[in-house]
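Q: In order, the protein sequence lines correspond to chains V and G.
Heads up, the first sequence is in numbering that gives the first Met the number 0, so the first residue is 0 and it goes up one at a time.
Heads up, the second sequence is in numbering that gives the first Met the number 0, so the first residue is 0 and it goes up one at a time.
My questions will all concern the structure given below.
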Amino acid sequence: MKQPVSREPTTESTEGHGTKMTRRILFVTNHPERWEEWISHLQQHPEAAFSFATTFPEAGDRMKTERYGIGDLIILDETIDNRSAIDAAKEIILSNVWVSLALVNALDEDAFHEAAEGLGILCRIPPGASAADADELMRKLLTISR
Amino acid sequence: METIVAVPSTAPGGLDAPLGAHFGHCDLYTLVALENNQIKKVDVIPNVPHVQGGCLAPVQYLAQQGAKKLIAGGMGLRPLMGFHQVGIEVYFGGNYPTVGEAVRALTEGKLPQFSQEYTCGGGAH
């Protein structure tokens, strides 16, 4: 399976006449193979520097050593190492308040908003997410970290 | 030494205004400058636009305004941790009906620190 990895910090680069800010996106999932197609949509966005972490401890180590922060995004799969994405999000916020979070979750929007209230989640990603969901995620990430 | 206390408020703000129920979605902020526990100045400033996932924008905004303490009736885990990160002490004032009474309680040492048990989230709010 292709697992593109970017360990470069969030950077600013020039392409043509414009300036693009790269956003590091770390997808934490025990099952990266299930997301390969969706990630291919995400990677069509030139600002997305994508990589996987396949365990929660690996994600924690990566965030610390690679200094994830403002402008970076952590995507949490619905269940990671036997903890829910919402519980994982709370753990991350206690150690890194600046990084943005998106959660895979099957709840509808209202129920998700209630369940994740106060955690400042950028957006919910439905299981079986589409290309449109990838586009919407990038739009929100670029809006919030402009 | 002057200490600026920020209080999420209901319009029109000021000492007689009710506290805003939730800091990030309040109408505006009342900034109360304290010196030797006496109120020296009261300002009212607007809230900032709050997009989904943008809980930290008000945190950074109030830090830029020089706030060192904040009194809130409701807040989520992320902004609470954000305030800790930028060095703003957060107190729970949800039991006080107005900004002025909450600030007075702060000066009298009656307000508890806003700990995680007060945060909204997970359907608890």
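We put the beta carbon where it would ideally sit given N, CA and C, even for glycine.
For G:Q51 and chain V, any beta-carbon pair shorter than 9 Å?
A: Answer yes: the Cβ-Cβ gap between G:Q51 and chain V drops below 9 Å somewhere.
Q: V:V27 and V:A52 look like a contact to me (Cβ under 8 Å); what is the Cβ gap, rounded to whole Å?
A: So it is a contact: roughly 5 Å between Cβ atoms.
Q: Does the distance from the CB of V:I38 to the CB of V:L72 come in under 9 Å?
A: No, they are not a contact pair.
Q: Between G:D42, G:G53 and G:V89, which lies nearest to G:A10 when the distance is taken from Cα to Cα?
A: Ranking the options by Cα distance to G:A10, first place goes to G:D42.
Q: Who are the Cβ neighbours of V:L121 in its own chain at under 8 Å, not counting the five residues just before and after it?
A: So the list reads L72, S99, L100, A101, L136, K139, L140 and I143, once near-sequence residues are dropped.
Q: For G:L110, collect the residues of the same chain with a Cβ closer than 6 Å to its Cβ; drop the 5 residues on either side in sequence, then sort them by chain order.
A: Taken in chain order, the residues that qualify are Y90, G92 and A104.
Q: Return helix, strand or coil for V:A87, following the three-state DSSP convention.
A: Residue state, collapsed to three classes: helix.
Q: Measure from the alpha carbon of G:D73 to the alpha carbon of each residue in G:M0, G:L14, G:H21 and G:G13, then state which is nearest.
A: It should be pointed out that residue 73 of chain G corresponds to Gly in this sequence rather than to Asp. The shortest C-alpha separation from G:G73 is found at G:H21.
Q: Can you give me the C-alpha to C-alpha distance between G:E100 and G:N94, rounded to a whole angstrom?
A: When rounded, the distance between both Cα atoms is 10 Å.
Q: Give the DSSP bridge partners of G:Y90, in chain order.
A: DSSP output for G:Y90 lists G:I70 and G:Q112 as bridge partner(s).
Q: Give the residues of chain G in contact with V:T54, contact being defined as C-beta atoms less than 7 Å apart.
A: None at all; the shortest Cβ gap to chain G is about 23 Å.
Q: Does the beta-carbon of G:V50 have 16 or more other beta-carbons within 10 angstroms, so that it is buried, or is it exposed?
A: With fewer than 16 Cβ atoms within 10 Å of its Cβ, G:V50 is classed as exposed.
Q: Going straight from the alpha carbon of G:Y60 to that of G:T29, what length do you get?
A: In a straight line, the C-alpha of G:Y60 is about 13 Å away from that of G:T29.
Q: Using the C-alpha atoms, what's the distance from G:Q112 back to V:L41?
A: Using only the alpha carbons, I get a separation of about 42 Å.
Q: Would you decide whether V:L118 is buried or exposed? Buried here means 16 or more other CB atoms lie within 10 Å of its CB.
A: So V:L118 counts as buried.
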